[in-house]
């Protein structure tokens with residue numbers, strides 16, 4: 029069972045990194061680089077910003093949950 033928690037902890041950690049990367053990319057496209065992209069791409073970037081922000085939050089909660097299940101400090 030602990031190996032499963034380790035596996036899911038790694039998934040949660042990777043999901044946080046991927047979500048942060050996506051969030052940074054969509055923020056760049058939506059704001060400072062907006063003039064270089066079409067309106068459709070800008071709209072998708074704004075929507076993506078919302079989704080990636082939620083991804084960061086959900087992944088972080090999952091990370092805390094699996095750390096707790098493994099008996100590790102949660103901070």
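Residue numbers (my numbering): 29 to 103.
For glycine and all other residues, C-beta sits at the position ideal for the given N, C-alpha and C.
Which whole-angstrom value describes the C-beta separation of residue i and residue j, a residue pair presumed to lie in contact below a C-beta threshold of 8 Å?
i, j, result
"residue 96", "residue 102", "5 Å"
"residue 70", "residue 57", "7 Å"
"residue 51", "residue 77", "6 Å"
"residue 30", "residue 98", "7 Å"
State buried or exposed for residue i, treating a residue as buried only when at least 16 other CB atoms are found within 10 Å of its CB.
i, result
"residue 66", "exposed"
"residue 40", "buried"
"residue 100", "exposed"
Would DSSP call residue i helix, strand or coil?
i, result
"residue 61", "coil"
"residue 103", "coil"
"residue 98", "coil"
"residue 66", "coil"
"residue 29", "coil"
Are at least three pairs of beta-carbons, each pair with one atom in the segment 45-61 and one in the segment 80-89, less than 8 Å apart?
-> yes
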